[in-house]
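Residue numbers (this note's numbering), protein chains in the order written: chain A, 34 to 386; chain B, 9 to 306. Every residue, glycine too, gets a C-beta built ideally from N, C-alpha and C. Everything below concerns the one structure shown next.
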């Protein structure tokens, strides 16, 4: 069912760039998205993820490269000719139309016969669990309900691609978690292809089949959530993925694979065999650094301790002067000496430049 | 402290406070006094005066007005100018506002447009008298371009008044339209586009319904302005003929025949006609959506 383009095989971005005046908001974006995939565009604000989405939707013209849908060039088409469903951050529901009219808008524009349109709108309302709300105006609904209307409105036209621009960022934490599962369920139920923009790494990791990490208008890494989470491609991606501890030191490589910070060293690391010995950066998540009772550890003094619900995150200063964040089950008073042991399998080593 | 403030004062005073009436409310009094002195009293005086004719019973003025075509025809003559001018300026303002809303340098345009408002009707009318006259630039250009053989008559008739009202009233209509249009979240248009609506459909299904209440208000304000036309109808029109508007009739009654009572009656009739049109337009507003024109939750 639906338009022929619903049966596309792949969307291909080739060297896509976008300039705003003298500023390159986006440059050299190469990406292939296959049918049925759920792809998350992840990055800090200003990284170009929303720009990419708007370029795909046709809301922003591209200034370099091509966008192809099954080999057919679409970057010169107007948004209404591309027919991708889009869910906006502020939902962008038509305030003067009821829920039913909002959802039916795309079908009306396509001149879908009214009986079929009514049937599809009904199905979309059931899909997003809004039965009984059909006659309400958007202004009479909660944020979460508005979000459901926006999703139904985008998917009812059976678009080849569903584009979502930070759709959950205006919702409260509990609703956000619920809607994550909902969006993923809808994606699976429809067999849709979804491109999802977010700055929330949890969201990207939990929902997507593939994560595309962007920074400064360029793609830094593309991979499955586990890959991006465990093996970030560079220091920027690692820091964005939560590797908040950054130690500058000397990589000794050799058989022991040890990293020296000042007079101390962490040995027995499992990563970084490919990094040349010399000045290097070691990155680790606070969660992967724990207090050691004995054995190989870095000695430090506690500077601050912060309660996080599940345990504490402490900040300690190493004897060499560097700062390290770590996880602990119980609070430790400031000024106390402590021995910190990073999980050797989870420390990343990057050459420093 | 807060609590103490709230519980202070007993009985009626407290109830007043609960309804938001307190010492600060007294600041309204000077404005209220001005309204009573300069609007309510003169209006009531005029209304009473209109029922005290020089001769005959209390309804004599009104009966005289509606039995003399020379007088009652002025209503049609005024509507005949005010409605087309108002509609024309709206029809020009809407597409222009759609273009201007995308411009970055709106302020320059706004400044240019505000000038005719500040100049006032009389100066604009004087200017047009020369510009549109038989020897004016407009006619000379038309003749030079070979579009007409002799000067066409644009002043001392309907079109002179029409042009003058349009020029002085348009900036106001335009700026109001622009502000209503800017209040509509541009993301709504993007959403409509991704759903397959082309530019015409986006205008018809998204912009127009959201703009309609604003346009209705805009129509009313502009219409009331145009209905009370006086200087340009005298200077640029044919005040004894096709542009003998109702304000001219009122002026003649009051200051040429010195029948203040009749003048008041005509002014009251003028007000009633204006009010009728405004009520008609505003009551049509309930068929439109009225509310937030943004997509987001407030």
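Element boundaries [beta strand (DSSP E), containing residue i]
i: residue 119(A); result: 118-120
i: residue 20(A); result: No information on residue 20(A) is available, as it lies outside the stretch 34 to 386 that chain A covers here.
i: residue 231(A); result: 227-231
i: residue 153(B); result: Looking at the DSSP string, residue 153(B) is not in any beta strand (DSSP E), and its letter there is neither H nor E.
i: residue 291(A); result: 291-294
i: residue 314(A); result: 311-317
i: residue 332(A); result: 331-340
i: residue 297(B); result: Premise fails: residue 297(B) is in no beta strand (DSSP E) and is neither H nor E.
i: residue 136(A); result: Where residue 136(A) is concerned, there is no enclosing beta strand (DSSP E), although the alpha helix (DSSP H) it sits in stretches over 132-142.
Neighbour flag for residue i against chain A, beta carbons, 7 Å
i: residue 191(B); result: no
i: residue 221(B); result: no
i: residue 217(B); result: yes
i: residue 304(B); result: In this predicted model, residue 304(B) has a pLDDT of only 44, less than 50, meaning its place in the structure is not dependable; the value taken from the coordinates is given anyway. At least one chain A Cβ lies under 7 Å of residue 304(B).
i: residue 132(B); result: no
i: residue 188(B); result: no
i: residue 297(B); result: yes
i: residue 263(B); result: no
i: residue 103(B); result: no
i: residue 107(B); result: no
Segment limits, alpha helix (DSSP H) that includes residue i
i: residue 248(A); result: Per DSSP, residue 248(A) belongs to no alpha helix (DSSP H); it is in the beta strand (DSSP E), 243-248.
i: residue 65(B); result: That residue, residue 65(B), is in no alpha helix (DSSP H); it is neither H nor E in DSSP.
i: residue 179(A); result: 176-188
i: residue 177(B); result: 166-190
i: residue 274(B); result: 268-292
i: residue 259(B); result: 254-259
i: residue 234(A); result: 234-240
i: residue 124(A); result: Here residue 124(A) belongs to no alpha helix (DSSP H), and DSSP marks it neither H nor E.
i: residue 114(B); result: 114-127
i: residue 83(B); result: 77-108
i: residue 197(B); result: 194-202
Proximal chain B residues relative to residue i, where beta-carbon distance stays under 8 Å
i: residue 190(A); result: 203, 204
i: residue 383(A); result: Residues of chain B passing the Cβ test: none, with the nearest at roughly 40 Å.
i: residue 112(A); result: 198, 201, 202
Chain B contact residues for residue i, given Cβ-Cβ distances below 7 Å
i: residue 212(A); result: Those within 7 Å of residue 212(A) in chain B number zero; the least Cβ separation is about 15 Å.
i: residue 117(A); result: 202
Any C-beta of chain B under 7 Å from that of residue i
i: residue 93(A); result: no
i: residue 143(A); result: yes
i: residue 172(A); result: yes
i: residue 53(A); result: no
i: residue 97(A); result: no
i: residue 40(A); result: no
i: residue 177(A); result: no
i: residue 197(A); result: no
i: residue 137(A); result: no
i: residue 317(A); result: no
i: residue 36(A); result: Caution applies to residue 36(A), whose pLDDT of 43 falls short of 50 and renders its modelled position unreliable; the value that the coordinates give is listed next. Not one chain B Cβ lies under 7 Å of residue 36(A).
Any non-hydrogen atom of the ligand SAH within 6 Å of residue i CB
i: residue 304(A); result: Absence of the ligand SAH is noted for the structure shown, with no ligands found whatsoever.
Partners in chain A for residue i, counting only beta-carbon separations shorter than 9 Å
i: residue 64(B); result: Those do not exist, as residue 64(B) stays about 53 Å from chain A at its closest Cβ, beyond 9 Å.
i: residue 301(B); result: 128, 129
i: residue 282(B); result: Correct list: empty, because the minimum Cβ distance to chain A is about 29 Å.
C-beta contact flag for residue i and residue j at 7 Å
i: residue 312(A); j: residue 239(A); result: no
i: residue 187(A); j: residue 119(A); result: yes
i: residue 164(A); j: residue 133(A); result: no
i: residue 359(A); j: residue 316(A); result: no
i: residue 257(A); j: residue 270(A); result: no
i: residue 91(A); j: residue 105(A); result: no
i: residue 192(A); j: residue 138(A); result: no
i: residue 50(A); j: residue 98(A); result: yes
Rounded Cβ spacing between residue i and residue j (contact assumed at less than 8 Å)
i: residue 316(B); j: residue 269(B); result: Since the displayed chain B opens at 9 and closes at 306, residue 316(B) lies outside it and no answer follows.
i: residue 101(A); j: residue 47(A); result: 7 Å
i: residue 368(A); j: residue 335(A); result: 6 Å
i: residue 308(A); j: residue 382(A); result: 5 Å
i: residue 240(B); j: residue 169(B); result: 5 Å
i: residue 310(A); j: residue 286(A); result: 4 Å
Within chain E, the residues that residue i reaches when beta carbons sit closer than 7 Å
i: residue 214(B); result: You won't find chain E in this structure, because its protein chains are A and B.
Proximal chain B residues relative to residue i, where beta-carbon distance stays under 9 Å
i: residue 90(A); result: 198, 201, 202
i: residue 186(A); result: 199, 203
Neighbour list for residue i in chain A, Cβ cutoff strictly below 8 Å
i: residue 195(B); result: 121, 123, 125
Under 7 Å by beta carbon: chain A residues contacting residue i
i: residue 308(B); result: Because chain B spans 9 through 306 in this model, residue 308(B) falls outside it and cannot be assessed.
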